[in-house]
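Participant: Top to bottom, those sequences are chains A and B. Numbering follows our numbering, with no gaps: position 12 of the first sequence is 12. Numbering follows our numbering, with no gaps: position 85 of the second sequence is 85.
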Amino acid sequence: MCNWCMKHGAGGKWYLNARNYSYELAEAMNLQAYLEEQWKNFEQVYIRKIMGVSSIGLGYKLRMPIIGRVIRRAVEGMIHSESKNRNPVRADGHFGQVIPIEEAKLIMLNLAAEPIIQNYCMCRLMQKGIKDVCCINFGVLSTVIEKLPRFIPENTKVRLSRDEAAAALEEQNRKGRVATVWFQPVPYICAICSCETPQCGGLRLRMDFGLHTVYKAEYYAEVNPDLCQGCKTCVASCQFGAIRFSPTLKRVLIDPTKCFGCGLCRDRCPHDAIRLLPRDENPLLRGKY
Amino acid sequence: MVKTKIVIDYSKCGNATGGIDPRQCGKCLQVCDPAVFIRHMAFNVKEDNPYDPQYWQITPVWLSLCTHCGKCVKACPQKAITVSF
Chain A
1 MCNWCMKHGA GGKWYLNARN YSYELAEAMN LQAYLEEQWK NFEQVYIRKI MGVSSIGLGY
61 KLRMPIIGRV IRRAVEGMIH SESKNRNPVR ADGHFGQVIP IEEAKLIMLN LAAEPIIQNY
121 CMCRLMQKGI KDVCCINFGV LSTVIEKLPR FIPENTKVRL SRDEAAAALE EQNRKGRVAT
181 VWFQPVPYIC AICSCETPQC GGLRLRMDFG LHTVYKAEYY AEVNPDLCQG CKTCVASCQF
241 GAIRFSPTLK RVLIDPTKCF GCGLCRDRCP HDAIRLLPRD ENPLLRGKY
Chain B
1 MVKTKIVIDY SKCGNATGGI DPRQCGKCLQ VCDPAVFIRH MAFNVKEDNP YDPQYWQITP
61 VWLSLCTHCG KCVKACPQKA ITVSF
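1) Output the boundary residues of the alpha helix (DSSP H) element that contains Gly131(A).
2) Could you check where the alpha helix (DSSP H) with Arg48(A) kicks off and where it finishes?
3) Counting only beta-carbon separations shorter than 7 Å, does Met207(A) have a partner in chain B?
4) Measuring only the C-alpha atoms, how far is Ala10(A) from Gln32(A)?
5) Please check if any C-beta of chain A sits within less than 7 Å of the C-beta of Tyr55(B).
6) Quick one: give me the first and last residue of the beta strand (DSSP E) that Ser84(B) is part of.
7) From the beta carbon of Pro34(B), is the nearest beta carbon of chain A less than 7 Å away?
8) Going by other Cβ atoms of all chains shown within 10 Å of its Cβ, with 16 needed for buried, is Asn119(A) buried or exposed?
9) Three or more beta-carbon pairs under 8 Å between the segment 63–81 of chain B and the segment 168–183 of chain A, yes or no?
10) Taking only beta-carbon atoms, is Pro50(B) less than 7 Å away from chain A?
11) Does any residue of chain A have a CB that is nearer than 7 Å to the CB of His68(B)?
12) Considering Cα atoms alone, identify which of Val2(B), Thr17(B), Thr4(B) is closest to Gln57(B).
13) Would you list the one or two residues that DSSP bridges to Ser246(A)?
14) In the DSSP assignment, what residue or residues form a beta bridge with His40(B)?
15) According to DSSP, is Ile66(A) part of a helix, a strand, or is it coil?
16) Answer with yes or no whether the minimum CB distance from Val61(B) to chain A is below 7 Å.
17) Taking 6 Å as the cut-off, is the C-beta of Glu76(A) nearer than that to any heavy atom in the ligand MN?
18) Which bits of chain B does Met126(A) rub up against, with CB to CB less than 7 Å?
19) For chain A, check one thing: does any of its Cβ atoms lie closer than 7 Å to the Cβ of Gln30(B)?
20) Rounded to the nearest angstrom, how far is the Cβ of Leu141(A) from that of Gln184(A), given a contact under 8 Å?
21) Using a Cβ-Cβ cutoff of 7 Å, what residues of the segment 37–51 of chain A are near chain B? List them in chain order.
22) Could you compute how far the alpha carbon of Cys200(A) sits from the alpha carbon of Cys238(A)?
23) Here's a check: name, in chain order, each residue in its chain whose Cβ is nearer than 7 Å to the Cβ of Ile67(A), leaving out the five neighbours to either side.
24) Are at least three pairs of beta-carbons, each pair with one atom in the segment 36–56 of chain B and one in the segment 152–162 of chain A, less than 8 Å apart?
25) Output yes if chain B places a C-beta closer than 7 Å to the C-beta of Ser55(A); else output no.
26) Evaluate Asn173(A) with the Cβ neighbour count: other Cβ atoms within 10 Å of its Cβ, from every protein chain shown; 16 or more gives buried, anything less gives exposed.
27) Quick one, which of Asn20(A), Tyr219(A), Met29(A), Gly57(A) has its alpha-carbon nearest Asn85(A)'s?
28) Report all residues from its chain with a CB closer than 7 Å to the CB of Ser84(B); omit the five preceding and five following residues, and keep chain order.
29) Can you tell which of Tyr51(B), Cys76(B), Gln78(B), Thr82(B) has the C-alpha that lies nearest to the C-alpha of Lys147(A)?
30) On the criterion of 16 or more Cβ atoms from any shown chain inside 10 Å, does His68(B) qualify as buried, or is it exposed?
31) Please check if any C-beta of chain A sits within less than 7 Å of the C-beta of Gly26(B).
32) For Thr180(A), which of helix, strand or coil comes out of DSSP?
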């Protein structure tokens with residue numbers, strides 16, 4: 001279990017703790033106003049100057065000697081901020097974790113606070129200009145997003161029942177997208193996204209700049225060499241470049257240090273050759289999120 | 001270290017600065033494989049309804065990920081993008 005499970009998991013995983021979804025928590029944190037302020041101008045977050053520095057050319061800024069390390073520390077502190085005076089326009093305390101589809105559905109069917117909505121993914125809209133109904137938001141955030149016309153899908157339902165939302169996530173999984181659950185802000189949970197690189201803003205910071213906006217799942221994938229037939233289906237499903245095919249061995253190899261544990265390869269494998277194992281039970285991967 | 005510079009001529013692109021509305025175009029967003037550009041609401045403009053902003057512009061943000069493929073320069077109908085490194 002990660003640091004956030006220790007703090008907000010009530011003895012289990014942070015995203016399986018019902019308290020983190022509750023209206024009481026949202027009210028205590030005054031989140032209606034906070035999220036409204038955040039979402040009104042969310043697309044500006046990477047352009048806005050924060051402490052005098054914007055994300056424009058972030059890759060170059062992080063590579064600067066000393067200053068780069070200072071910026072990295074400051075950004076990590078902001079992403080994981082639990083301070084009382086968090087700033088909504090900087091998206092303080094907004095980060096998530098990859099989860100396999102069965103856990104995403106479990107959250108949707110049992111834990112997510114009503115109302116549940118589907119809306120256009122902000123990341124794809126701002127980075128690719130693509131209107132794609134794939135984000136599932138719930139709780140206080142639903143009522144906030146419903147006020148913002150640019151995220152409201154045309155010709156389709158906005159509010160979903162639990163079963164419909166779980167089915168929508170399943171459909172995204174079939175398309176090859178990674179389910180991620182999000183604190184916004186920590187410890188309140190109000191979104192399950194279906195992410196992919198490079199369009200997802202969170203995965204961008206993690207994959208390209210090593211910032212912990214998205215944590216690896218509580219699992220990692222392992223391939224059974226006896227069952228793998230070398231069909232390479234899983235290679236195409238991996239968003240993280242963790243799988244490759246060995247022509248000599250005639251089977252795939254999974255790099256557990258690159259694996260985010262989303263389970264897409266397992267879901268795709270026609271031979272049931274891949275399984276997810278708990279990260280905690282492997283002494284070499286434990287704590288490596 | 002080679003640093004990529006991408007400059008957008010905001011007199012041609014961005015409806016707050018006299019250019020076209022990037023919500024109607026977005027060609028650079030679509031052709032860019034590493035997704036370097038971000039389309040966002042303009043800063044420092046008066047919006048009638050802050051929940052439904054009407055002034056937008058495009059900023060190249062993830063410059064270090066640019067692969068110098070030149071597709072955005074070719075795709076821009078306004079010829080507003082220049083890339084140098």
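Built from N, CA and C at the ideal position, the CB exists for glycine as well.
Facilitator: Checking against the coordinates, here is how it stands:
1) A small fix is needed here, since residue 131(A) is Lys in this sequence, not Gly. It is not in any alpha helix (DSSP H) - Lys131(A) carries neither H nor E in the DSSP assignment.
2) For Arg48(A), no alpha helix (DSSP H) segment is defined, and its DSSP state is neither H nor E.
3) no
4) 25 Å
5) No, no contact with chain A.
6) Element bounds for Ser84(B): 81–84.
7) yes
8) buried
9) no
10) yes
11) no
12) Thr17(B)
13) Arg251(A)
14) Gln57(B)
15) coil
16) Cβ-Cβ to chain A under 7 Å: yes for Val61(B).
17) The ligand content of the structure shown is nil, which means the ligand MN is not present either.
18) Ile38, Arg39, His40
19) yes
20) 7 Å
21) Lys40, Asn41, Glu43, Gln44, Tyr46, Ile47
22) 15 Å
23) none
24) The segment 36–56 of chain B is not in contact with the segment 152–162 of chain A.
25) For Ser55(A), the answer is yes, since a Cβ of chain B falls inside 7 Å of its Cβ.
26) buried
27) Selected option, being the one with the closest Cα: Met29(A).
28) Lys5
29) Residue Tyr51(B) is the option with its Cα nearest to Lys147(A).
30) exposed
31) yes
32) The answer is strand: DSSP assigns Thr180(A) an E or B state.
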